[in-house]
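Trainee:
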């Protein structure tokens, strides 16, 4: 049973996709479904128009309720909430297809056996942003009556119902209930999902270990537990790294001068130059007269002094200057160079969450459902999505360049320091530190810069809430992932993970299957006991790392700093994500499969060679042939070329 | 070439070259210290530089103390040296040693050096006079104004900018006018190729490559046999070019068609007397035929009718042929020309400021060029034709059957037949459909700028074709034996100006040249397909596609199938991407055949042809745009990694073979045969070692060396030898008989 579960699970979380998969009838589950939960009455199937192909399903439903549920792969903790056997899926790329729609407490599952190979649509309810009824009782025309689901993953899903059997209301209500559990004062599915992957993903990130890995020089930086109970700053993690010479008492003074007490703390330190990236929220300068805080100024000076290589510090304000000035009127603002001596402030011109949200909305109109070939590029340009991506990459590039090339420390902030700041610090770290380009390292990066430092996932994604137009929702994290993808495109062998890894993470930021992306900050997560009550996404990922491995990853080759090109000539639309529902935008011969073949083949041949070598050894040992046969000289080929090519010999 | 350069350097061991003119240009007090600067400059500038000359090449004029600017440095950085004009090239030589170092970092052409610009490669010349006025210099004109900067735009999309601040005034005028005069010769016999051929040592006649040239009947016969075509045969009605001057002497017509007399009458009904000609026969017996426009003269219409019937009868299915009018289906030549002009505006930039400004509206500008639309349109027409060919004979029509007929017939054959996706097949295809069938390379390439003719616009149809092929290679990464580097290099070779392949308008012109009465001797020019003339084996190894090697090497293939079988349990766990293909097959009304591997087996490629699926060929167009260069990354890093992996696999297979032999008590270990991939090159030669260690990886590899920008950190630069660092490649090629 364990094995079976794994198989189906490998499909489920990553595959919120219209894919035709073989029906996994192997799932030998579990809870029997009480018939009362079915939203479909058998009588609704009596129509003569019903294609013959669906007959078996109908029969099996009538004969035994268990058979129906057996056809649907269920996760542990997942329960069928309703079935409608007479639904038409209106695929935008295909003709309408009739089948059975099942709603569980986790997903929508539509299956049709109308065609030769069964068609399956498997959508976690968590991706649904809005559900709407289309047409009314008087609607005429085929498929004019049904429901429309607006999804967070760039698509709309539309089903048509039959007016006469009134099944739509029930389907609508079930989806409404289970897609928006928070609104309905229920628990997210993640709390019901029980699966043991054999690996505990919650252990992936240990802040102290991570700072140790970075190699904190004890004379200039220290780990403080002052925020252990989240009393200094409730949206920061419990473990913080601050300049060694600043006392916990002084930290409180500094925090009071920063928006939401988010004081500057260490994000990354250069192993050689000790130039650092620190992050914070904006200083609370605004007001009349402008406020000045000597502790904050001194604190910034201390950060600068911790790096002996440079007598300067760059403060990179992610916002456009006008936005920073506008914040001044609301009490915020930016560091004035006359007060912060030796600091140089730069504005990176990245727009706020509302602009980004609007941009994605426009992009969605361009990429889904169909594409206008003749205006494709100008349509993309008009959404400005890639301009924003370019701006973020360029900003991160500036941070990384200052740290690497000028050996100067950089303080990054925006207004609150949990959106644009997270994008910049994490991307700059990715450029500077090859560790973050591994699968494990990237998980740590997300845990550290995004989750622990309080990027408000619950609010930005809107987990389980029926508030589609909530102005706090914004694709900030998606943008970051897009930037990462751009980097993987520019440096195809610098990252251990593949595109599938990135898409899996994004999908599960919405799916509410794992606890990883739930809540807004560490404090909330601790309160809710997420580590105890839910499964981590990294458990799922790390038990099948090979699925997410980039076959071209060359660890030794790409140990240096990456400077991606932040030009639209090198930035392209991530069609593998934004257009993934459109079959006409998919590669004819996906190159990653070819690359993967190479990797698999190499591994197996290596195994074969090892076996043969071993066999040979055994034979020799037995037959004492050693005196006649010299050992094959191919046994140590590595030395041959290493001797010739290692850099010191050149 | 290189040797002469080195010897020059050793004569000047003083290393004066470390100093560049940067210091002079950047000096803000430049006007006050003019005398001082000149003194320092003249002591620095070398005077005894001499260009390396090919046979028959002569220096025309030269200019001293010329500044050659580093692109995208706003004319603030560069090197100084001497500019020469010969009858073959524009060449810039310098004593600056750092520019010599750069040479190793890229593909090296044996015929020219990095600072050399063959005159046939020059697309346009711009003159900037003091005051900043910039104007295009037209052929057959003389310039009297004093040039401050000369911008040379090349057909390989590179821009060279020369400054003449320190050059003697009389030299400036001379060199400016010499460039115009020699870059745009007004008669074809003024092309350097004539001098070259006359002076070329006769080292074996004809071509060394095995690419058929289709100048004799055998090549045609062989191709007919390869197609299994029995209803068509080679015909020499055009012997001595007596029927059509733009067609080859031999081509293929339906079997036992008509008498030569009748054929000649029929021919007279076609534009340029170009009879319909065979291109390809599908395995099902249907053929692809190219045809020129007919005149509406009724009395001879019967002959044309007979010809058409014969074409129909030559199809075993005897169906009525599908006629495709390419004039209506393809973008007009004017549109392509205009599109190319707009594309050039995006490519030929030399300032960082322009780069940044362009970047803001890059997508709409790119769309505005309509270049990708042209590419998509051609691919679509080719796909339609290929689809028709599954059932019917297809006749592609065009007024002169010398433009789109070349392009579409080639594409169709690539789509249908995997032979044309190999290097040899691809080359023979170009030789047959373009060169032999009379694509006017000389005219459309503006190699000769005859003032009496008005048509001086460049028609980039061959580039459009290569771009289409490149799109296919991107959609089918393991489908082609050649790499994108090969395609780019082929494009560059078109403009070398010394290969017979791309120098003429038709076979007639070529043969007339070969036996030119004036010289009283038979002349031979090398063919482009003889790549050894230009490139070393090492450089040629970058032409091969490792994924194709993997697909086609029988041992690897067998091992791969075994591995796949073993992995099949794992594969069912790969959810999304793997399953896309199946879903697509279910798509209704879509003629996309999707499963890449399947369509490779079934021969016919069915690429996505929507304009949204077309990509910009960055390796070709943007390789010289320094700010767009990805240092340490880009497609080449993927390519090289694939090469390493395939080479490792070949090594492992060889090891297994050897181990098996060993266990069977065979004393000999097997010698490994060398693959044609880059990392199988002989590592014991200094040239190769140097190549690998000094070639830095960038998205422009192997065409442009990494430019040192503001970031001087060595750590960013990756020598490609690093790819071998932890690989298990074993170089045991020798047959080891101990």
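Protein chains in written order, with UniProt numbering: chain A, 1 to 650; chain B, 1 to 738.
Every residue, glycine too, gets a C-beta built ideally from N, C-alpha and C.
1) Quick check on DSSP: helix, strand or coil for residue 400 of chain A?
2) Using a Cβ-Cβ distance cut-off of 8 Å, determine whether residue 686 of chain B contacts chain A.
3) Per the DSSP calculation, residue 110 of chain A is bridged to which residue(s)?
4) According to a CB-to-CB cut-off of less than 9 Å, which residues of the segment 647-662 of chain B neighbour chain A?
5) Tell me the DSSP secondary structure of residue 555 of chain B in three-state form.
6) Can you tell me where the beta strand (DSSP E) with residue 158 of chain A in it begins and where it stops?
7) Here's the rule I'm using: 16 or more other beta-carbon atoms within 10 Å means buried, otherwise exposed. How should residue 446 of chain A be labelled?
8) For residue 385 of chain A, name the three-state secondary structure that DSSP assigns.
9) Short of 8 Å in beta carbon distance, which residues of its chain neighbour residue 628 of chain B, apart from the five on each side in sequence? Order them along the chain.
10) Excluding the 5 residues preceding and the 5 following residue 652 of chain A in the sequence, name in chain order all residues of the same chain whose CB lies nearer than 6 Å to its CB.
11) Less than 8 Å separating the beta-carbons of residue 413 of chain A and residue 509 of chain A?
12) Would you identify the three-state DSSP class for residue 81 of chain B, choosing helix, strand or coil?
13) Distance check for residue 89 of chain A and residue 100 of chain A, CA to CA, integer angstroms please.
14) Pull out every residue of the segment 476-490 of chain B whose Cβ sits closer than 8 Å to any Cβ of chain A, in chain order.
15) Is the segment 493-512 of chain B touching the segment 421-438 of chain B, taking contact as three or more C-beta pairs under 8 Å?
16) To test your reading of the DSSP string, which unbroken alpha helix (DSSP H) runs of 4 or more residues are found completely within the segment 530-590 of chain A?
17) Which residue comes first and which comes last in the beta strand (DSSP E) that contains residue 67 of chain B?
18) In the DSSP output, what is residue 289 of chain B paired with across the bridge?
19) Where does residue 151 of chain A sit, in a helix, a strand or coil, going by DSSP?
20) Answer with buried or exposed for residue 185 of chain A, where buried requires no fewer than 16 other C-beta atoms within 10 angstroms of its C-beta.
21) For residue 320 of chain A, which residues from the same chain have a beta carbon less than 8 Å from its beta carbon, with the 5 sequence-adjacent residues on both sides left out?
22) If we cut at 8 Å on Cβ distances, does residue 332 of chain B have a partner in chain A?
23) Please list, in chain order, the chain B residues whose beta carbon lies closer than 9 Å to that of residue 585 of chain A.
24) I'd like to know whether the C-beta of residue 398 of chain A is nearer than 8 Å to at least one C-beta of chain B.
25) By DSSP's criteria, residue 522 of chain B is part of a beta bridge. Which residues make up the other side?
26) Is the CB of residue 416 of chain B under 8 Å away from at least one CB in chain A?
27) Looking at the structure shown, is residue 437 of chain B part of a helix, part of a strand, or coil, going by DSSP?
28) If you measure from the beta carbon of residue 347 of chain B to each beta carbon in chain A, is any gap under 8 Å?
29) Residues of chain A with a CB under 8 Å from the CB of residue 631 of chain B: which are they?
30) Considering only residues of the same chain and omitting the five flanking positions on each side of residue 584 of chain A, which have a CB-CB separation below 8 Å?
31) Evaluate residue 795 of chain B with the Cβ neighbour count: other Cβ atoms within 10 Å of its Cβ, from every protein chain shown; 16 or more gives buried, anything less gives exposed.
32) Please check the pair residue 151 of chain A and residue 127 of chain A, which I expect to be a contact at CB under 8 Å, by giving their CB distance rounded to whole angstroms.
33) What residues match up with residue 132 of chain A in a beta bridge as DSSP calls it?
34) Please decide whether residue 494 of chain A counts as near chain B, where near means a Cβ-Cβ distance under 8 Å.
35) Mind checking if residue 725 of chain B is an interface residue toward chain A, Cβ cutoff 8 Å exclusive?
36) Please compile the residues from chain A whose C-beta is within a distance smaller than 7 Å of the C-beta of residue 362 of chain B.
Mentor: Judging by the given coordinates:
1) helix
2) no
3) A/101 and A/121
4) 648, 649, 651, 652, 653, 654, 655, 656, 658, 659, 660 and 662
5) helix
6) 156-160
7) buried
8) helix
9) 355, 618, 622 and 699
10) Shown here, chain A extends from 1 to 650; a query on residue 652 of chain A therefore has no answer.
11) no
12) strand
13) 9 Å
14) 476, 477, 478 and 479
15) yes
16) 530-533, 537-542 and 575-578
17) 59-69
18) B/278 and B/395
19) strand
20) exposed
21) 347, 349, 350 and 351
22) no
23) 608, 610, 612 and 613
24) no
25) Note: residue 522 of chain B sits in no beta bridge, so no partner.
26) no
27) coil
28) no
29) 563
30) 93 and 371
31) No information on residue 795 of chain B is available, as it lies outside the stretch 1 to 738 that chain B covers here.
32) 5 Å
33) A/148
34) yes
35) yes
36) 568 and 569
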